[in-house]
């Protein structure tokens, strides 16, 4: 299951400055729509690349795309979330974020995802984080 792959990656984080975290570069390589110069920097937004990498590790085809909203066209939509399903959020009008569902409250959805900022270190990493339910766009499962 892709969620199990994601759990194994907790704590992987970007390296500040000119150095790059090799594992994040592996995630970026799981998509094909990034130029070589963009895919060679761990500061490139990588939430969708991380989900693609996890999905591929679990034996499924991903979206092969670095944009989070590409997941809205993947698999099948579900109304009621299940632990480990893919969750897509909006950010501004055209951007987004994607991760794996953990739990929800009335106002938030907690996900396990990549490229999520740690409040203490301010670094972007694979971690659990909550997002506003009002930014939710969809839940997806493999078809």
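In our numbering, the protein residues as written are 146 to 288.
Glycine included, every Cβ here is placed at the ideal spot set by N, Cα and C.
Proximity winner among the options, relative to residue i (alpha-carbon distances)
i	options	result
residue 317	225, 263, 216, 221	Since the first residue of the chain shown is 146 and the last is 288, residue 317 is not available in this structure.
residue 203	230, 241, 282	230
residue 149	207, 158, 159, 199	199
residue 282	212, 232, 183, 258	232
residue 174	192, 164, 163	192
residue 250	262, 274, 261	274
residue 172	225, 259, 220	259
Exposure of residue i, with buried meaning 16 or more beta-carbon neighbours within 10 Å
i	result
residue 218	exposed
residue 240	exposed
residue 237	exposed
residue 257	buried
residue 206	exposed
residue 156	exposed
residue 272	buried
residue 277	exposed
residue 197	buried
residue 121	Nothing about residue 121 can be read from this structure; the chain reaches only from 146 to 288.
Bridge partners - residue i, DSSP secondary structure assignment
i	result
residue 214	Residue 214 is not bridged to any residue.
(request) Starting from the N-terminal side, write out each stretch of the beta strand (DSSP E) that is 3 residues or longer and does not extend beyond the segment 218 to 285. (result) Scanning the segment 218 to 285 from its first residue to its last, the whole beta strand (DSSP E) runs of 3-plus residues come out as 221 to 223, 231 to 236, 240 to 249, 253 to 262, 269 to 277.
(request) Could you pull out every unbroken alpha helix (DSSP H) segment of at least 4 residues lying fully inside the segment 168 to 197, listed in chain order? (result) You should have 181 to 184.
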